[in-house]
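*Asks:*
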Amino acid sequence: MAMLKEFTIRTGEQGFYNITQDVKDAIKESGVESGIAVVFCPHTTAGVTITENHDPDVGEDLLLGFERAFPDTPDFKHSQGNSYAHLRSSAMGCSVTVIVDEGWPLLGVWQAVYFCEFDGPRTREYYVKVMGDRMQVPFDDPDEKAARLDAEDEALLD
Amino acid sequence: MAMLKEFTIRTGEQGFYNITQDVKDAIKESGVESGIAVVFCPHTTAGVTITENHDPDVGEDLLLGFERAFPDTPDFKHSQGNSYAHLRSSAMGCSVTVIVDEGWPLLGVWQAVYFCEFDGPRTREYYVKVMGDRMQVPFDDPDEKAARLDAEDEALLD
Amino acid sequence: MAMLKEFTIRTGEQGFYNITQDVKDAIKESGVESGIAVVFCPHTTAGVTITENHDPDVGEDLLLGFERAFPDTPDFKHSQGNSYAHLRSSAMGCSVTVIVDEGWPLLGVWQAVYFCEFDGPRTREYYVKVMGDRMQVPFDDPDEKAARLDAEDEALLD
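Residue numbers (our numbering), protein chains in the order written: chain A, 1 to 158; chain B, 159 to 316; chain C, 317 to 474.
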């Protein structure tokens, strides 16, 4: 019953890669019915986002928009010359958190999870971490606590 | 004892909508004292952020700043013509995670949670998912595990 | 066994501050082996991000990139005159979520967690919230539930 799953992807120079199926697989494998899934990119020149899943032009438009908002410039000091990619990665973010409901990512009908390559081509990894709920037991009142636990048991048996 | 709550909002053309009260209500209804709350927007031309709650001008300034950083352009290929809105949504992000402490969102005094409309007017949804803590039981040492569980029970009864 | 830890930092005018060690300390102190850690900034003119940890020039380049993408302008209306800082804070985001694995933040080898000051110098706070896993018990089938609980107990004793 894996809660943490690692995936590998081979990317091109720049691009958005739909990884929603991997998120669904990780949730299914975890057995979690209700909770959250965190998709995390362990690279500093790539990121993760959620956007439109239907028209592949959207991914290209987003890349163009990020190129123009965060262009390369000779004023950058970083010796490796890829600060523009660190910048886009940082602005995009390296993780997304998705709600899990009934064993499924609670995404909008047009949403998909994308791995964002800003400095490829490379072999990249990403992680999907799935966490299940726990009904909360208040710590201050033993009677309320007992009532809650009973309610939880009842819910479990429903 | 709802852990996942859906809200509906009617938006204007563009705008930031303070939804902090909904987050507080969802936390209260969940009964969670300590944990996290994930606010998730299931749309690809809208987003969620946390920013200043006092001066409504800040929301307008942020919209202007996003318009200028991520302008529309004839170079976008997406046939629906709203790539600028997908771009702003993706750059802003479609979720925020808030810490829950003593049954309350642990926001700074000037912070509020905002739904960000980049392509309205529309009827929009958003979700608030609340998750409670669980004290952690190490899986490698049965004695340490037993001691931890005892400590947890004691805490529960305090 | 703290699950929520508050830190204080004294910042300069603008800058990125590596706070990864604080995240590691909070995880260690929580006793959580497997779960997530949420790093949250309760300010509206500062943020949190994950980026390159090796070359300090990267932080300066990111600040420059953010200054150019989100410049100050006389068109901003906010009376306090620091909308550019709210804008950068909002675009960067005020939290990051890190996966915890074997009691350690699952960061890439080049990644570190940074506090981002966009409107200093100030004394700032940030929080690290650590949450541990819970194996998930399905709510629809009492037999499956019992089997899962047995499996969980067995795992706990392994």
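Where is the CB? At the ideal position from N, CA and C, for every residue including glycine.
These figures come from a predicted structure and were not determined experimentally.
Can you list the residues of chain A that A227 of chain B reaches, using a CB-CB cut of under 7 Å?
*Replies:* By Cβ distance, chain A contributes A69.
*Asks:* Have a look at C:T439, C:F434, C:E418, C:W426 and flag the residue whose alpha-carbon is nearest the alpha-carbon of G409 of chain C.
*Replies:* That would be C:F434, whose Cα lies nearest to the Cα of G409 of chain C.
*Asks:* By the criterion of Cβ-Cβ separation under 7 Å, what are the contact partners of V355 of chain C in chain A?
*Replies:* What V355 of chain C touches in chain A: nothing, since even the nearest Cβ is about 11 Å away.
*Asks:* Considering K340 of chain C, what are the terminal residues of the alpha helix (DSSP H) in which it resides?
*Replies:* Counting along the chain, the alpha helix (DSSP H) containing K340 of chain C begins and ends at 336-346.
*Asks:* Per the DSSP calculation, V412 of chain C is bridged to which residue(s)?
*Replies:* Answer is C:V355.
*Asks:* Would you tell me roughly how many angstroms separate the C-alpha atoms of V348 of chain C and V446 of chain C, rounded to the nearest one?
*Replies:* Rounded to whole angstroms, V348 of chain C to V446 of chain C spans 7 Å at the Cα level.
*Asks:* Tell me the start and end of each unbroken beta strand (DSSP E) in the segment 207-283 of chain B that is at least 3 residues and wholly inside, in chain order.
*Replies:* Correct list: 253-259, 269-275.
*Asks:* Answer yes or no: do Q269 of chain B and P358 of chain C have a C-beta to C-beta separation smaller than 8 Å?
*Replies:* Result yes, Cβ atoms of Q269 of chain B and P358 of chain C sit closer than 8 Å.
*Asks:* Is there at least one Cβ from chain B nearer than 8 Å to Y443 of chain C's Cβ?
*Replies:* Yes, its Cβ sits closer than 8 Å to a Cβ of chain B.
*Asks:* For the beta strand (DSSP E) that T360 of chain C lies in, which residues bound it at each end?
*Replies:* T360 of chain C -> no beta strand (DSSP E), and no H or E assigned at all.
*Asks:* Output the distance between the C-alpha atoms of T209 of chain B and S406 of chain C, rounded to the nearest integer angstrom.
*Replies:* About 6 Å.
*Asks:* In angstroms with no decimal places, state the Cα-to-Cα distance between L220 of chain B and L107 of chain A.
*Replies:* Each residue's alpha carbon lies about 26 Å from the other.
*Asks:* Going by DSSP in three states, Q136 of chain A sits in which element: helix, strand or coil?
*Replies:* Here the model assigns Q136 of chain A a pLDDT of 43, short of 50, so the residue's position is not dependable and the matter cannot be decided.
*Asks:* Using beta-carbon positions only, say whether F323 of chain C and Y442 of chain C come within less than 8 Å of one another.
*Replies:* Cβ distance < 8 Å, so F323 of chain C and Y442 of chain C count as in contact.
*Asks:* Does the beta carbon of L245 of chain B come closer than 8 Å to any beta carbon on chain C?
*Replies:* Judged by the 8 Å Cβ criterion, L245 of chain B is not in contact with chain C.
*Asks:* What's the gap between the Cα of R438 of chain C and the Cα of N334 of chain C?
*Replies:* Spanning the two alpha carbons is a distance of roughly 16 Å.
*Asks:* Would you identify the three-state DSSP class for R10 of chain A, choosing helix, strand or coil?
*Replies:* Three-state result, R10 of chain A: strand.
*Asks:* Measure the Cβ-Cβ separation of V374 of chain C and S83 of chain A and say whether it is below 8 Å.
*Replies:* Contact: yes.
*Asks:* Please list the partners that E423 of chain C has in chain A, where partner means a Cβ-to-Cβ separation under 8 Å.
*Replies:* Before going on, a small fix: residue 423 of chain C reads as Leu here, not Glu. Result: P42.
*Asks:* Of the residues B:F224, B:D183, B:D233, which one's Cα is nearest the Cα of A204 of chain B?
*Replies:* It is B:F224 whose Cα lies nearest to the Cα of A204 of chain B.
*Asks:* Output the distance between the C-alpha atoms of H236 of chain B and F16 of chain A, rounded to the nearest integer angstrom.
*Replies:* In a straight line, the C-alpha of H236 of chain B is about 15 Å away from that of F16 of chain A.
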